[in-house]
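Shown next, in structure tokens, is the structure this report addresses.
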Amino acid sequence: MSAFKQHMPLAKYSLRMCLTFLSWVPVVYVVTEHVAYIGKIEGMSMKPTFNPPESPNTRNHVLLWKWGVTNINNLEVDDVVFLRSPIDPEKIYTKRIKAKQGDLVVPRYPDTRSRVLVPVNHIWVEGDNVHSIDSNTYGPVSTGLVIGKATYLIWPLDRFGPIPLGGRECREAKLRHSYKE
1 MSAFKQHMPL AKYSLRMCLT FLSWVPVVYV VTEHVAYIGK IEGMSMKPTF
51 NPPESPNTRN HVLLWKWGVT NINNLEVDDV VFLRSPIDPE KIYTKRIKAK
101 QGDLVVPRYP DTRSRVLVPV NHIWVEGDNV HSIDSNTYGP VSTGLVIGKA
151 TYLIWPLDRF GPIPLGGREC REAKLRHSYK E
């Protein structure tokens, strides 16, 4: 028997495994682009809720749900979202929703006596860290900039579970405005 025929089963097996692997590439791509993926929270804006001081070398990883997050009805106050920066779309921010369309918010600055009405299909986002650059700097954010909602903290394992509540209080007026859609 020739050496070629002797290695034929191994070649068929290798080809089958390679094709099986390649057939899953589009599935993984669609899921990570449109359904969910693992996101890493970096930076100081969400401290101490994420990346707490007791573990300075560990970055928190979250399950990021992407399906339908640009729809305002799928977002709630206190949800943690990943969004494109309204100032520099190349940057991705992690912030907590503090108000939704129709809410009246008192921003931290420049004038704390002013009020901002969150427009239709917009959200007011703030970092849990008081020194965060957020809607207090750039105003309400379009829901079209939201790329995902953090649903579970998955790393480090000792903190595995639902996203913790936290953050600072948004100075939100208790007025609701109804929009005619």
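At position 19 of the sequence shown the residue is numbered 19 (the UniProt record's numbering), and the sequence of numbers has no breaks. Glycine included, each C-beta is placed from N, C-alpha and C at the ideal position.
Taking Cβ to Cβ, would you say residue i is nearer than 8 Å to residue j?
{"i": "Ile92", "j": "Ile147", "result": "yes"}
{"i": "Lys95", "j": "Val81", "result": "yes"}
{"i": "Asp134", "j": "Gly144", "result": "no"}
{"i": "Leu75", "j": "Ile41", "result": "no"}
{"i": "Met44", "j": "Asn129", "result": "yes"}
Going by alpha carbons, who is nearest to residue i out of the options?
{"i": "His158", "options": "Arg96, Asn60, Val125", "result": "According to the sequence shown, residue 158 is Asp rather than His. Taking only the C-alpha atoms, the option nearest Asp158 is Asn60."}
{"i": "Val106", "options": "Trp155, Ala150, Thr137, Phe21", "result": "Thr137"}
{"i": "His122", "options": "His131, Gly161, Leu104, Ser114", "result": "Leu104"}
{"i": "Val69", "options": "Gly166, Leu165, Ser142", "result": "Ser142"}
{"i": "Gly166", "options": "Tyr109, Glu42, Arg16, Phe50", "result": "Phe50"}
{"i": "Asn71", "options": "Gly139, Val120, Phe21", "result": "Val120"}
{"i": "Pro156", "options": "Phe21, Arg16, Gly39", "result": "Gly39"}
{"i": "Pro140", "options": "Pro26, Pro86, Asn73, Val27", "result": "Pro86"}
Taking the straight line between their C-alpha atoms, what separation do you get for residue i and residue j?
{"i": "Tyr13", "j": "Val31", "result": "27 Å"}
{"i": "Leu19", "j": "Tyr29", "result": "16 Å"}
{"i": "Phe160", "j": "Ile154", "result": "5 Å"}
{"i": "Ser132", "j": "Glu90", "result": "18 Å"}
{"i": "Trp24", "j": "Ala36", "result": "16 Å"}
{"i": "Met46", "j": "Thr58", "result": "14 Å"}
{"i": "Val77", "j": "Pro26", "result": "34 Å"}
{"i": "Ser114", "j": "Pro48", "result": "29 Å"}
{"i": "Asn73", "j": "Tyr109", "result": "29 Å"}
{"i": "Pro9", "j": "Leu22", "result": "20 Å"}
{"i": "Gly102", "j": "Leu15", "result": "58 Å"}
{"i": "His34", "j": "Val116", "result": "32 Å"}
With a cut-off of 8 Å on the beta carbons, I'd call residue i and residue j a contact; round off their distance for me.
{"i": "Leu63", "j": "Thr151", "result": "5 Å"}
{"i": "Val125", "j": "Lys100", "result": "Actually they do not touch by this definition, with Cβ atoms about 10 Å apart."}
{"i": "Lys149", "j": "Asp88", "result": "With a Cβ gap of about 21 Å, Lys149 and Asp88 do not count as contacting."}
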